[in-house]
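Each residue of the sequence shown is one higher than the one before, starting from 52 at the first, in the numbering used here. In what follows, a single structure is set out as structure tokens and then discussed.
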Amino acid sequence: MRKIPTNSPPARRKTELALDLSGPHVTPGASAPHRLYQALCHAITGGIAKPGEPLPPSRMLAKQTSFRRNAVTSAYERLIADGFAVATVGSGTFVAARIPARVHDTRGTKIAIEPPQQGPLALGCTHIDERALQRFRAFAGRRLRAFGAEHLQYGDPRGSRELRAAIADHLLSARGLRCDPDQIMLTSGTQHSLRIVLGAILKSGDQIWCEDPGYPAARRAIEHCGLRPISVPVDASGLIAARGRAFAPSAGAAYVTPSHQFPLGVQMSMPRRLELLDWARDADAFVIEDDYDSEFRYDGAPLLSLAGIDHLSRVIYMGTFAKTLFPGLRIGYCALPERLVGPVTTARAALDRFPGTLLEGAVADMLNSGAFAANLRRVRGIYREARDVLASTLSSTSQGRLSVPIPSQGLHLVARFDPSADPRIAAQAKAEAGVAGWLLAETYFRARPLPGFVLGFAGHKLPQLIASAERLAKSSLAALQANGKPNKGGTGKVKRLKAVT
Numbered sequence: 052m053r054k055i056p057t058n059s060p061p062a063r064r065k066t067e068l069a070l071d072l073s074g075p076h077v078t079p080g081a082s083a084p085h086r087l088y089q090a091l092c093h094a095i096t097g098g099i100a101k102p103g104e105p106l107p108p109s110r111m112l113a114k115q116t117s118f119r120r121n122a123v124t125s126a127y128e129r130l131i132a133d134g135f136a137v138a139t140v141g142s143g144t145f146v147a148a149r150i151p152a153r154v155h156d157t158r159g160t161k162i163a164i165e166p167p168q169q170g171p172l173a174l175g176c177t178h179i180d181e182r183a184l185q186r187f188r189a190f191a192g193r194r195l196r197a198f199g200a201e202h203l204q205y206g207d208p209r210g211s212r213e214l215r216a217a218i219a220d221h222l223l224s225a226r227g228l229r230c231d232p233d234q235i236m237l238t239s240g241t242q243h244s245l246r247i248v249l250g251a252i253l254k255s256g257d258q259i260w261c262e263d264p265g266y267p268a269a270r271r272a273i274e275h276c277g278l279r280p281i282s283v284p285v286d287a288s289g290l291i292a293a294r295g296r297a298f299a300p301s302a303g304a305a306y307v308t309p310s311h312q313f314p315l316g317v318q319m320s321m322p323r324r325l326e327l328l329d330w331a332r333d334a335d336a337f338v339i340e341d342d343y344d345s346e347f348r349y350d351g352a353p354l355l356s357l358a359g360i361d362h363l364s365r366v367i368y369m370g371t372f373a374k375t376l377f378p379g380l381r382i383g384y385c386a387l388p389e390r391l392v393g394p395v396t397t398a399r400a401a402l403d404r405f406p407g408t409l410l411e412g413a414v415a416d417m418l419n420s421g422a423f424a425a426n427l428r429r430v431r432g433i434y435r436e437a438r439d440v441l442a443s444t445l446s447s448t449s450q451g452r453l454s455v456p457i458p459s460q461g462l463h464l465v466a467r468f469d470p471s472a473d474p475r476i477a478a479q480a481k482a483e484a485g486v487a488g489w490l491l492a493e494t495y496f497r498a499r500p501l502p503g504f505v506l507g508f509a510g511h512k513l514p515q516l517i518a519s520a521e522r523l524a525k526s527s528l529a530a531l532q533a534n535g536k537p538n539k540g541g542t543g544k545v546k547r548l549k550a551v552t
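Put into structure tokens, the structure is as follows:
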């Protein structure tokens with residue numbers, strides 16, 4: 052835990068903090084924790100709350116703002132994770148001595164420029180296989196040499212039909228999803244797909260179900276569309292549709308990651324899939340299926356995709372080549388119900404006309420030649436080994452105090468403390484270890500956050516992965532002991548996370 056430098060007696064705890072919850076720095080319609088986080092950032096960067104000063108206790112700030120206390124706790128956890136605050140168990144939460152550098156205009160909305168996380172345990176990294184890279188270079192070179200003036204004109208807003216046809220074949224063989232190439236639209240990735248689709252099917256202020264915990268980047272894209280995310284709890288069987296019906300029965304859509312839920316890694320069971328589709332039919336709503344990490348399955352057979360069950364009637368299916376090939380390609384896609392092809396194509400054309408064409412042919416060649424499938428087979432073995440090494444290192448080094456279920460698919464895992472532990476212990480341990488990855492609390496919106504970490508194992512060399520895992524496990528053990536949690540002498544064994552079917 053970082054200490055607060057001071058040359059004077061400890062500051063008294065603030066009982067009130069002047070917060071502007073309605074200015075241009077706050078996103079209208081965003082979740083309560085997100086709006087409170089934005090207001091707190093504004094107060095910190097604007098000098099209202101100065102470095103080293105204590106922030107109000109969560110109970111007092113909840114009373115001042117009329118937010119629930121768990122919203123305040125979530126906002127504080129995000130401040131800590133983003134470097135704006137530090138916490139000491141028993142003493143409270145303080146403004147960090149050094150706040151992150153930001154491009155800031157005091158006359159308007161502040162702009163944050165944050166580079167992606169790098170280093171072992173960071174999420175979103177991939178192993179770029181040299182053989183796949185060589186094949187892609189060859190395909191791209193051949194395509195570029197054949198490029199003529201006809202290839203540099205305005206194109207179809209949905210993108211290259213050749214690549215869309217190759218994706219349609221891939222979805223049929225890999226995910227049991229039958230669709231026409233005309234139902235597929237190429238995009239630059241998941242968030243781009245969301246912005247296009249949501250702009251076509253919903254209007255500002257509409258409600259949309261979101262998993263809680265869930266994927267923060269998708270949630271931000273939803274909020275920036277002016278929509279109202281409705282947090283729906285997730286358990287071992289996936290999103291609980293019955294709770295969604297209770298919270299917002301007439302929501303216009305639901306965004307889910309059923310194959311490998313982010314962050315918990317569970318697979319949505321077949322009964323839950325059918326419940327979700329029943330609700331969509333009853334509410335005349337759409338389900339947006341982000342088939343997150345479905346290609347990286349290590350154990351057991353996958354369930355049929357929601358879109359495959361639904362035959363693309365009410366489900367919009369989204370995928371990307373960011374992890375299966377290269378993130379720098381910026382090529383994603385969505386498969387649409389026939390009745391949405393026109394409205395979504397119109398929305399796409401209004402947003403950015405049509406996608407780039409230079410690399411689409413090379414990606415089609417990767418799919419059609421078998422090079423794509425061969426690359427997946429190679430990297431699955433690499434990722435499986437990294438997954439097992441990371442889980443084993445975390446569990447054994449923490450003496451069993453971190454529970455590390457082994458996910459059956461995906462490129463990250465979750466390491467959790469006992470649910471009774473203070474979530475701030477995770478923030479303290481991560482700061483002391485100086486590692487990448489996320490706090491599990493960062494993925495919660497309304498539900499009570501569990502203490503733990505979300506850690507990536509893909510794209511990292513094993514020695515560095517092991518060293519970072521050992522540092523995090525040791526700092527976790529030290530944080531527990533320093534905060535009065537005696538070592539109960541766990542087994543050090545690793546459990547496999549079973550898919551619920």
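Built from N, CA and C at the ideal position, the CB exists for glycine as well.
Listed as beta-bridge partners of Val-123 by DSSP are no residues whatsoever. Exclusion of the five residues before and after Tyr-205 leaves no residue of its chain whose Cβ lies closer than 6 Å to its Cβ.
Boundaries of the alpha helix (DSSP H) around Ala-482: 474-484.
Spanning the alpha carbons of Phe-405 and Ala-398 requires a straight line of approximately 11 Å. The three-state secondary structure of Ser-301, taken from DSSP, is coil. Taking 8 Å as the cut-off, the beta carbon of Cys-176 is found closer than this to the beta carbon of Gly-510. Secondary structure in the segment 182-270: the beta strand (DSSP E) runs of 3 residues or longer, each lying completely within the stretch, are 235-238 and 258-263 in chain order. Residue environment analysis places Ser-117 among the exposed positions, since fewer than 16 neighbouring C-beta atoms fall within 10 angstroms of its C-beta.
By the criterion of at least three beta-carbon pairs nearer than 8 Å, the segment 374-385 is not in contact with the segment 257-271. Taking a contact to require three or more Cβ pairs closer than 8 Å, the segment 193-204 and the segment 417-435 do not qualify as touching. Comparing C-alpha distances from Ala-530 to each of Pro-502, Glu-326 and Tyr-306 shows the shortest one belongs to Pro-502. Just so you know, the alpha carbons of Lys-525 and Ser-519 end up roughly 10 Å apart.
Beta-carbon to beta-carbon, Pro-309 and Arg-324 are separated by about 6 Å, close enough to satisfy the 8 Å threshold. Shown here, Tyr-495 sits in coil according to DSSP, grouped into three states, outside any helix or strand.
Glu-104: not part of any alpha helix (DSSP H); DSSP gives it neither H nor E. Contact between the segment 365-374 and the segment 385-395 is established, with three or more Cβ pairs separated by less than 8 Å. The bridge partners DSSP lists for Arg-348 are Gln-460. Taking every protein chain shown into account, the CB of Glu-128 has 16 or more other CB atoms within 10 angstroms, so this residue is buried. Pairwise C-beta distances place the segment 289-300 out of contact with the segment 444-459, as fewer than three of them are shorter than 8 Å. In summary, Gly-289 is buried, with 16 or more beta-carbon neighbours lying within 10 Å of its beta-carbon over all protein chains present.
As the crow flies, the alpha-carbon of Leu-464 is around 12 Å from that of Tyr-434. Contact between the segment 300-320 and the segment 454-468 is established, with three or more Cβ pairs separated by less than 8 Å.
Straight-line measurement puts the Cα of Ala-352 at about 31 Å from the Cα of Arg-212. Lys-101 sits close to Val-146, with the two beta carbons spaced by under 8 Å.
The beta carbon of Ala-90 sits closer than 7 Å to those of Leu-70, Asp-71, Leu-72 and Val-77, all from its chain and outside the five residues before and after it, given in chain order.
Taking C-beta atoms as the reference points, Ser-282 and Ala-334 fail to come closer than 8 Å.
Scanning Arg-475, Phe-347, Ser-345 and Leu-357 for the CA closest to the CA of Asp-329 turns up Leu-357.
One alpha carbon belongs to Leu-174, the other to Gly-74, and they sit about 32 Å apart. By the CB criterion at 8 Å, Arg-431 and Leu-453 fall outside the cutoff. Of all alpha-carbon atoms in Ala-299, Tyr-306 and Val-285, the one lying nearest the alpha-carbon of Gln-318 is that of Val-285. Counting other Cβ atoms within 10 Å of its Cβ, Asp-350 stays below 16 and is therefore classed as exposed. Ranked by how close their Cα comes to the Cα of Leu-506, the residues Glu-521, Leu-249, Ser-471 and Ala-83 have Glu-521 in first place. By the Cβ neighbour-count rule, Phe-198 is exposed, with fewer than 16 other Cβ atoms within 10 Å of its own.
Around the beta carbon of Pro-500, a 10 Å sphere encloses 16 or more other beta carbons of the protein chains shown; the residue is thus reported as buried.
Membership of Phe-423 in the alpha helix (DSSP H) is indicated by the continuous run 422-448. Taken through DSSP and simplified to helix, strand or coil, Ser-454 comes out as strand.
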